[in-house]
Amino acid sequence: MNFPQSYPLLPVPSGSLEIRELPILSQAGDDRPLRFSLIIPTYKEAGNVAKIVHQLSTILDTEMPGEYELIIVDDNSPDGTWEIAQQLMPEYPQLRVMRRIEERGLSTAVIRGWQVARGEVLGVIDGDLQHPPETLLKLWGEIKRGGDMAVASRHVEGGSVSDWSFVRRFLSRGAQTVGLILLPGVVGRVSDPMSGYFMVRRKCLIGCTLSPLGYKILIEVLARGRVPWIGEVGYEFQEREEGESKVTAQQYIDYLRHLLRLRLSLGPIGRLIRFGVVGFSGVFVDMAVFYLLRIHVDLGLTRSTILSAEVAIFNNFLWNDLWTFGDISRQQPGKRQRLRRFLKFNTVCLAGIILQTLLVNLFFNVFGMDQFLAKLVAIASVTIWNFWLNLKLSWRVTDVKK
Ligand code: GDD
Ligand code: MN
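To get my numbering, take the position in the sequence shown, counting from 1, and add 25.
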């Protein structure tokens, strides 16, 4: 069916998944600012899309008529979900539709929708009616009470998962437990971190570049956003009437990868872990060069130790400057600054080499330890020394470019 151009699909954003300030919008017409933008990610929801648009519109018209938008972000569903949604537009002027061809995935669909959204508050709801639309008004009530975020939870009063199988309950709670272990400061902030039904003030996300994996967009927002106050409301996760869940083992694997990626990128522990990962790579460089010098060049023990350690230092500086302390280095760009950091890093590490050489000789000559084990133990001891001193000296934020 040829559809009149007056109901075009939304342009699909590309590039980084950064949420920006609302562009200066005119106060009239199609690009005026709104109070609320609700993203509905869809994949093969042809049987649900008309129903959910109708139910959401009916409910939101009672609360904020003309001040909200529904944005369906469909990943080129083979059942034509996006076309059905587009044909609904004449009847629902607050409905906008995005059809993605290249990029796929639930959480990036939500973020791309937020990137074109005009609302001060950004929300997400599943497109399969498993999230009761009427819960929206309770969520909005939390925002009106001053909440920065409002999450629909299956694990607070009034919440439940209808008649999920034991396996599904076990998997969901198991995933939550792993999240609490790896990211207690993030996953522990809400009772249902697996929820995909929530709303958040745009100001909490402005300037944040999100990099989610898989389904769990809420964890990404909690980890990278600035969300002081979170309200929760209970809801009953409904059974599907049409279509089926797209959750596969891949979503669980993505979830674990997502947790690990966040663990590695958040806070001082994340930095220490990154420093340790870089140091670990340096161990291989150090040991390989040490082996070459000792076995193939027949160089003496001390000179082999020092030379191999120096090569490893250079390797470690490069990775630490790019990754471990990348956020600080990028504030201090330029060759001269980088050379200064390298010289400080080298000085700290040279002290570490001296300490390492003393330890290797102590362990090898005094305690009779195997030379390679002595080297490994010495490296581990010096790594902590290096991290702490480098954090305090080499990458301390000094003259940051304004
Ligand atoms: N655009 C897009 N692209 N939408 C998707 C994709 C995708 O790759 N995969 C799934 N969706 C849409 C579905 O159409 C549905 O609207 C919603 O995302 C949830 O997908 P389901 O496959 O129904 O997931 P579920 O029923 O197992 O729900 C679980 O995950 C949801 C998302 O986190 C539960 O944990 C829910 O609480 C949660 O909201
Ligand atoms: Mn579902």
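Backbone N, C-alpha and C define an ideal beta-carbon position, used for all residues, glycine too.
In angstroms, rounded to a whole number, what distance separates the CA positions of residue i and residue j?
i       : j       : result
Thr-408 : Trp-344 : 15 Å
Met-219 : Leu-317 : 50 Å
Trp-139 : Ser-236 : 14 Å
Leu-375 : Glu-335 : 8 Å
Glu-43  : Ile-168 : 23 Å
Asn-16  : Leu-384 : Since the first residue of the chain shown is 26 and the last is 427, residue 16 is not available in this structure.
Pro-158 : Ile-96  : 15 Å
His-283 : Asn-411 : 29 Å
Arg-328 : Gly-377 : 15 Å
Thr-160 : Ile-278 : 30 Å
Asp-188 : Phe-195 : 13 Å
Lys-426 : Phe-350 : In this predicted model, Lys-426 has a pLDDT of only 40, less than 50, meaning its place in the structure is not dependable enough to derive any value.
Leu-113 : Ser-82  : 12 Å
Leu-63  : Leu-332 : 59 Å
Ala-399 : Thr-234 : 44 Å
Pro-36  : Val-98  : 11 Å
Trp-413 : Leu-364 : 20 Å
Gln-356 : Asn-415 : 17 Å
Leu-34  : Gln-111 : 7 Å
Val-302 : Leu-326 : 26 Å
Gln-381 : Gly-307 : 14 Å
Below 8 Å, is the gap between the Cβ of residue i and the nearest heavy atom of the ligand GDD?
i       : result
Val-314 : no
Glu-108 : no
His-283 : no
Glu-245 : no
Arg-198 : no
Asp-428 : Coverage of the chain is limited to positions 26 through 427, which leaves residue 428 absent and any answer about it impossible.
Arg-125 : yes
Gly-221 : yes
Ala-399 : no
Arg-129 : yes
Lys-241 : yes
Glu-70  : yes
His-156 : yes
Ala-142 : no
Ile-320 : no
Asp-99  : yes
Asp-65  : According to the sequence shown, residue 65 is Ile rather than Asp. Answer for Ile-65: yes, Cβ within range of the ligand GDD.
Ala-134 : yes
Phe-490 : In this structure the chain extends from 26 to 427, so residue 490 is not present and cannot be described.
Phe-195 : no
Phe-262 : yes
Measuring only from the beta carbon, is residue i closer than 8 Å to any heavy atom that is part of the ligand MN?
i       : result
Ser-270 : yes
Asp-188 : no
Asp-153 : yes
Arg-265 : yes
So residue i packs on residue j, CB below 8 Å; how close in whole Å?
i       : j       : result
Lys-76  : Ser-102 : The Cβ separation is near 16 Å, so there is no contact.
Trp-107 : Arg-124 : 4 Å
Arg-137 : Pro-38  : 5 Å
Ala-403 : Phe-388 : 7 Å
Val-211 : Asp-173 : Contact flag wrong, Cβ pair sits at about 15 Å.
Asp-346 : Arg-366 : 6 Å
Val-181 : Glu-257 : 5 Å
Val-251 : Cys-229 : Reading off the sequence shown, one finds Arg at residue 251, where the question assumed Val. Between Cys-229 and Arg-251 the Cβ distance is about 5 Å, and since that is below 8 Å, they are a contact.
Arg-286 : Leu-207 : Between Leu-207 and Arg-286 the Cβ distance is about 10 Å, and since that is not below 8 Å, they are no contact.
Val-135 : Ile-242 : 5 Å
Arg-227 : Leu-147 : 6 Å
Trp-420 : Ser-354 : 7 Å
Leu-247 : Arg-296 : Between Arg-296 and Leu-247 the Cβ distance is about 19 Å, and since that is not below 8 Å, they are no contact.
Quiz prompt | Completely contained alpha helix (DSSP H) runs for the region 38–103, where each covers 4 or more residues | solution = Runs of the alpha helix (DSSP H) inside the region 38–103: 74–88.
Practice problem: Could you say if the region 150–160 and the region 198–212 meet the contact criterion of at least three C-beta pairs nearer than 8 Å? | Solution: The region 150–160 is not in contact with the region 198–212.
Quiz prompt | Touch test, the region 261–273 against the region 298–311, Cβ-Cβ under 8 Å, three pairs minimum | solution = Contact fails: fewer than three Cβ-Cβ distances are below 8 Å.
Exercise. Check whether the region 248–265 touches the region 173–182, counting contact only when three or more Cβ pairs, one atom from each stretch, lie closer than 8 Å.
Key: Short answer: they touch.
Exercise. May I ask you to verify whether the region 56–67 touches the region 86–97, counting CB pairs closer than 8 Å and requiring at least 3?
Key: In this structure the region 56–67 lies against the region 86–97, because at least three pairs of beta carbons, one per stretch, are closer than 8 Å.
Quiz item: Taking three-plus beta-carbon pairs below 8 Å as touching, is the region 334–348 in contact with the region 367–387?
Solution: Flag = yes, the region 334–348 and the region 367–387 touch.
Quiz item: Are at least three pairs of beta-carbons, each pair with one atom in the region 271–282 and one in the region 158–168, less than 8 Å apart?
Solution: The region 271–282 makes no contact with the region 158–168; the number of CB pairs closer than 8 Å stays below 3.
Quiz item: Does the region 77–88 come close enough to the region 109–119 that 3 or more CB-CB pairs lie under 8 Å?
Solution: By the Cβ criterion, the region 109–119 is in contact with the region 77–88, since at least three pairs of Cβ atoms, one from each stretch, lie closer than 8 Å.
Practice problem: Pick out the complete beta strand (DSSP E) segments inside the region 106–157, 3 residues or longer, and give them in chain order. | Solution: 120–124 and 144–149, all fully within the region 106–157.
Exercise. Can you check the region 216–291 for any beta strand (DSSP E) of at least 3 residues that lies completely inside it and give the ranges in chain order?
Key: Counting only runs of at least 3 residues, the region 216–291 fully encloses the following beta strand (DSSP E) elements, listed from N- to C-terminal order: 223–226 and 255–259.
Self-check item: alpha helix (DSSP H) runs contained entirely in the region 335–371, provided each spans 4 or more residues
Solution: The region 335–371 contains these whole alpha helix (DSSP H) runs: 351–354.
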